[in-house]
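Just so it is clear: in the sequence shown, position 115 is 698 by our numbering, and no numbers are missing. Ideal placement from N, C-alpha and C gives every residue a C-beta, glycine not left out. First the structure, in the form of structure tokens, and then the observations on it.
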Amino acid sequence: MSQQTPYIFDATTADFDQSVIEASFQKPVLVDFWAEWCAPCKALMPMLQGIAESYQGELLLAKVNCDIEQDIVARFGIRSLPTVVLFKDGQPVDGFAGAQPESAVRALLEPHVQMPAPSAADPFEQAQALFDEGRYADAEATLVTLLGEDNTNAKALILYARCLTERGELGEAQTVLDAVKSDEHKAALAGAKAQIKFLGLARDLPDAADLKSRLAQNPQDDEAVYQLAIQQLARQQYEAALDALLKLFIRNRSYNEGLPHKTLLQVFELLGNDHPLVTAYRRKVFAALY
């Protein structure tokens, strides 16, 4: 029953005035009067501890074992358990007896205790979220600030290169990736390089409409199938590209020295192992191989 932190502690007769009364002039103190034999007390205490933790030190939780601290029980006239009393500025200001739902306890605390401000998000996580939303310019601006503080941050460099790639600065993106010296993010680095490669290849290929016209006349045109898949990859049409590459691999494994299979693996690196398309198509490639 006893979880101890700087703001969750046992209060005794000897230290109650200091740990509760005096402390409440600095921060509100919630006092939980409990006993070992009291089943509702045992249900309530973990919830109170969780609430105290959520306030990150803005609320103190003092636990009084009523079987041991009889003087405190008599001093405050505690007659039933559990009883919870909130002290502020040296005085009891609110409280309740009996088990209560968490929503009721938080409603009691709300006028007296201010929730701490949420901690600022990690700048890289902010940039990654912006990138995932397609807000590449905003992600890039966040990364520029981050890299201004540490220009060796490998994961920030890789994401910055992907932002540059999205706006067509392929040469600059490649230069940024060449500056990554860490081996810690190999998969992300390979994926970023694959993205540059697909966009670069797509620039020199016939456009998608012409390739689709060729395939309408001859669905077995392996070159058109592959080139259309590259155009789709450049436009982030990943599922269509993966499907075309897999079918080409199954139909003609030897096409251009196994290029469809190699390209499938590059797309897996680009999307990352956790992407649902990667999970699905890895199984399909495995089935095709074996």
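| query | result |
| --- | --- |
| Find out if the Cβ-Cβ distance for the pair P684, L642 is shorter than 8 angstroms. | no |
| How would you label S796, buried or exposed, when you count the other beta carbons within 10 angstroms and need 16 or more for buried? | exposed |
| Sorry if obvious, but does the Cβ on G783 come closer than 7 angstroms to a heavy atom of the ligand ATP? | As far as ligands go, the structure on display features none, and thus does not contain the ligand ATP. |
| What is the DSSP secondary structure of D857, reduced to helix, strand or coil? | coil |
| Using C-beta distances below 8 angstroms, list every residue in its chain close to I591, excluding the 5 sequence neighbours before and after it, in chain order. | Q632, A635, E636, L643, L644 and K646 |
| Could you say which of L740, V759 and R689 lies nearest to Q711 if we only look at CA atoms? | L740 |
| Name the DSSP bridge partner or partners of P675? | F670 |
| Taking all protein chains shown into account, do 16 or more other C-beta atoms lie within 10 angstroms of the C-beta of G774, making it buried, or fewer, making it exposed? | buried |
| Rounded to the nearest angstrom, how far is the Cβ of D677 from that of L691, given a contact under 8 angstroms? | 5 angstroms |
| Where DSSP assigns a beta bridge to I591, which residues make up the other side? | T588 and L644 |
| Alpha carbon to alpha carbon, what distance is there between A737 and R750? | 20 angstroms |
| Kindly identify the DSSP beta-bridge partner or partners of A827. | A827 is not bridged to any residue. |
| Count the other C-beta atoms from every protein chain shown that fall within 10 angstroms of the C-beta of Y638, then say buried if there are 16 or more, exposed otherwise. | buried |
| When you compare each of G731, E852, A722 and S607 to Y743 by their alpha carbons, which one comes out closest? | A722 |
| Please classify D766 as buried or exposed, where buried requires at least 16 other C-beta atoms within 10 Å of its C-beta. | exposed |
| Give the DSSP bridge partners of A680, in chain order. | T666 |
| Name, in chain order, the residues that DSSP records as bridge partners for W617. | N648 |
| Got a sec? Which residues, its chain only, sit under 7 angstroms from I813 by beta carbon, not counting five neighbours each side? | F781, L784, A785 and L788 |
| Thinking C-beta only, is V808 closer than 8 angstroms to L831? | yes |
| Could you check where the alpha helix (DSSP H) with F608 kicks off and where it finishes? | F608 -> no alpha helix (DSSP H), and no H or E assigned at all. |
| With DSSP as the reference, please indicate the residues paired to V868 in a beta bridge. | BP columns for V868 are empty, so no partner. |
| So what's V612 in DSSP terms, helix, strand or just coil? | strand |
| Look at the Cβ atom of A791, then the Cβ atom of Q849, and state whether they are nearer than 8 angstroms. | no |
| G681 and P623: beta carbons closer than 8 angstroms? | yes |
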